[in-house]
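Novice: Below: one structure in structure tokens.
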Amino acid sequence: MSNEDANNLNRIYLDKRGIRVRVIRYDRVKQWVIFMRDGYEHECFAPLYRFKAEYTRVE
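When you line the sequence shown up against numbering that gives the first Met the number 0, it's residues 0 to 58, in that order.
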């Protein structure tokens with residue numbers, strides 16, 4: 000069983016330019032995906048509908 004939940008994610012995705020991001024959380028109330036970019040110290044976020052359209056999960 001995975002020990003991931005909406006507040007403790009560690010999933011790797013590629014954006015539409017092929018740049019890697021690491022999803023760290025999902026805000027269920029606002030429906031935002033919160034992620035980190037390599038080399039950038041601040042959290043980034045995107046609405047779920049946009050994230051699903053622009054990012055691809057790396058297995």
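Ideal Cβ placement from N, Cα and C applies to all residues, glycine included.
Computed from a predicted structure; not experimentally measured.
Taking the DSSP output, what are the residues bridged to A45?
Specialist: As a position in the sequence shown, residue 45 is number 46, starting the count at 1. Paired residue(s): V32.
Novice: Could you tell me the boundaries of the beta strand (DSSP E) in which Y12 lies?
Specialist: Here residue 12 refers to the residue found at position 13 when the sequence shown is read from its first residue. Counting along the chain, the beta strand (DSSP E) containing Y12 begins and ends at R10 to L13.
Novice: Can you give me the C-alpha to C-alpha distance between R56 and V28, rounded to a whole angstrom?
Specialist: Sequence index remark: in the sequence shown, residue 56 carries index 57 (1-based). Sequence index remark: in the sequence shown, residue 28 carries index 29 (1-based). Going from the Cα of R56 to the Cα of V28 covers about 23 Å.
Novice: For F34, does the count of other Cβ atoms within 10 angstroms reach 16, so buried, or fall short, so exposed?
Specialist: Here residue 34 refers to the residue found at position 35 of the sequence shown. Classification for F34: buried.
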